[in-house]
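Plus 50 on top of the position in the sequence shown (first one is 1) and you've got this note's numbering.
From the three backbone atoms N, C-alpha and C, an ideal C-beta is built for every residue, glycine too.
Since this is a predicted model, take the numbers as computed values, not measurements.
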Amino acid sequence: MKEKIINKDDKKKEYLNLETILCLYVMACPILDMVSFIFRNIFETNFSPSTIVRPIIAIIVIVAIFFKRHIKIKLLVAGFLYGIYAILHLWIFTKLQTDSAYSNVVHEAQYIINYSFMILNLFLYLYVFHDKDTKKLKKSLLVSSIIYIVSIYVSIFTQTSSYTYIEGMGYKGWFESGNSISAILILSLFVILPMLKNKENKKLILVTVALIGIFLMMLVGTRVGLLGFILVVGLYIIVEAFFSFIKKRKWNKKMLIGGVLGMILVAILIGTVGSATIQRRKHLKEIEGNIVDQSTNQVAHISGDLLEIKDQIDQGLIKEEYMSKAAQQSILDLYRVANEKQIANNDMRMQQLIYNAYLVKNQANPISILLGNGYMNQFRELVLEMEIPAFLFNFGIIGFLLYFVPFLGVFLYNFYFGIKYWRKVDSEYIMLLAGSGFTFVLSFFSGYVFFSSSTMMVNIVMNALLVNRVRKLKIEKQKETE
């Protein structure tokens, strides 16, 4: 009996250390992102300390688990599978690469490594926080969000912020991507908003949410920010009202009134001061007519660069060393479909989706269908920003199973038990589940979600919190049946 107690205490100390490391990593994400931005844009180098720090943290934790837990064989098998796929995928990449490819095999390997560590982090957080108190994990995400939003306002006030778009529209602080920082803050709100029900740090949370809301709806300039903030706050109000009604709980009128008044105030500000998102949409509409298809003397339905390549293909000027026959035919297919569907010439995501779908069809290569034809193997404007289709088309069926399905599986697991124990779930569970699902929506329509380590950390935190809640629901249900 004494030996069991000692072992249990040792396990508690071990997990206490691992929990702390993983929580510190969540809080460090904004700092690592800023360091990466500074090295790439100020020092003009591809190297960044963040590139080394991120995997080191995951490696330290997985090594600790590997030598102290009885899952060595499973970890080795998983590592072997991901390693073999990486080698085969990169081999296919080199075989299909042409001179028109956006980048090289080294850049492609960065995606493979990033996605692999993404899966590793998912495992680590689910494993470590499976049966632990998650208050520290929630607070670490709140701290991370505060660092993000404070640094953005500091950059704007000091006039050192980078622009979201090359035309000088929108602000994104000291971060690489406007869509990425929008996604990080939007997904974080799914965790932060339910924390308002606790008295602890309530004023701090309200101020943080307000600052995030102003930035997302007025300053960043992305549709993800504007529409996403409205959606998540509206959803939170509806969910809280619903649970107050069915559980006959007293409404928090101050919170409800404050939320509604806040939305009205921002709407007034957008109408009077303006929004970078609306400004960006107007600009895109204005320049849409600048590209004319000479063969029809009408506004083109693909980008100017693609239209030029299409004309060169028609004239037989493109050699296979520059672009494969399958890729050339796919551009012709894109041109035809874009004209039929009247697609806007600046709607690059739709053009990329059509092209990549036809490319897989025209290549008709069973090996590349399984292992992928290479994400960076496409012409620069045709690199697929929609990540879920990219997993399937560019990383193949096996890549789709290895990198996307684990996240889908965890979401379905949490969704299933949410339905099974629906009488016991609360508004926080629903918000976390909605946030986990919204990650897929952002990944499909916006992109740069799965590849962004910091964005996926928010998703991983939500999944860890949900799996922890499912365990508690199971225990409660078991006690009731005893």
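(request) Give a yes or no on whether the C-beta atoms belonging to Val108 and Leu170 are separated by under 7 Å. (result) Going by the sequence as given, residue 108 is Ala instead of Val. In contact: Ala108 and Leu170 (Cβ atoms closer than 7 Å).
(request) Assign Ala414 to buried or exposed, taking buried as 16 or more other Cβ atoms, counted over all protein chains shown, within 10 Å of its Cβ. (result) Under the 10 Å beta carbon count, Ala414 is surrounded by fewer than 16 other beta carbons and is classified as exposed.
(message) For Val517 and His139, I'd like the C-alpha separation in whole angstroms.
(response) Approximately 32 Å, taken between the alpha carbons.
(request) Report the three-state DSSP secondary structure of Lys122 (helix, strand or coil). (result) Collapsing the DSSP output to three states places Lys122 in a helix.
(message) Which residue marks the beginning of the beta strand (DSSP E) containing Lys249, and which one marks its end?
(response) Element bounds for Lys249: n/a, residue is neither H nor E.
(request) Please determine, among Arg521, Ile510, Thr531, the residue with the shortest C-alpha to C-alpha distance to Leu187. (result) Residue Ile510 is the option with its Cα nearest to Leu187.
(message) Would the segment 488 to 502 count as touching the segment 224 to 242 if we require 3 or more Cβ pairs under 8 Å?
(response) Verdict: yes, contact present.
(request) From the DSSP output, in three-state form, read off Lys222 for me. (result) In this structure, Lys222 counts as strand in the three-state DSSP scheme.
(message) If I follow the unbroken alpha helix (DSSP H) through Leu458, where does it start and stop?
(response) Counting along the chain, the alpha helix (DSSP H) containing Leu458 begins and ends at 455 to 470.
(request) Decide if Ser472 is buried, meaning its Cβ has at least 16 other Cβ atoms within 10 Å, or exposed. (result) It should be noted that the sequence gives Trp, not Ser, for residue 472. With fewer than 16 other Cβ atoms within 10 Å, it is exposed.
(message) In whole angstroms, give me the CA-to-CA distance for Gln402 and Glu435.
(response) For Gln402 and Glu435, the gap between their C-alpha atoms comes out near 8 Å.
(message) Since Val270 and Ser194 should fall inside the 8 Å C-beta cutoff, what is the C-beta to C-beta distance between them, to a whole number of angstroms?
(response) With a beta-carbon spacing of about 17 Å, Val270 and Ser194 fall beyond the 8 Å limit used to define contacts.
(message) So, at 7 Å on beta carbons, what are the nonlocal neighbours of Pro439 in its own chain, with the 5 sequence-adjacent residues on each side left out?
(response) Excluding positions up to five away in sequence, the list reads Leu403, Asn406.
(request) Pick helix, strand or coil for Asp343, following the three-state DSSP scheme. (result) The DSSP-derived three-state label of Asp343 is strand.
(request) Determine, using beta-carbon pairs with one atom in the segment 451 to 469 and one in the segment 391 to 401, whether at least three such pairs fall under 8 Å. (result) Contact between the segment 451 to 469 and the segment 391 to 401 is absent: fewer than 3 CB-CB pairs across the two stretches fall below 8 Å.
(request) Let me know the secondary structure DSSP gives Ser153 once reduced to three states. (result) Here Ser153 carries a coil assignment [DSSP, helix/strand/coil].
(request) Spell out the partners DSSP gives Ser504 in its beta bridges. (result) Beta-bridge pairing links Ser504 to no other residue.
(message) I'd like to know whether the C-beta atoms of Val475 and Gly468 end up nearer to each other than 7 Å.
(response) Yes, the pair counts as a contact, with Cβ atoms nearer than the cut-off.
(request) Please determine if the segment 252 to 264 and the segment 197 to 209 are in contact, where contact requires at least 3 C-beta pairs separated by less than 8 Å. (result) The segment 252 to 264 vs the segment 197 to 209: in contact.
(request) State yes or no: is the C-beta of Leu125 within less than 7 Å of the C-beta of Phe117? (result) With contacts defined by Cβ atoms closer than 7 Å, Leu125 and Phe117 do not form a contacting pair.
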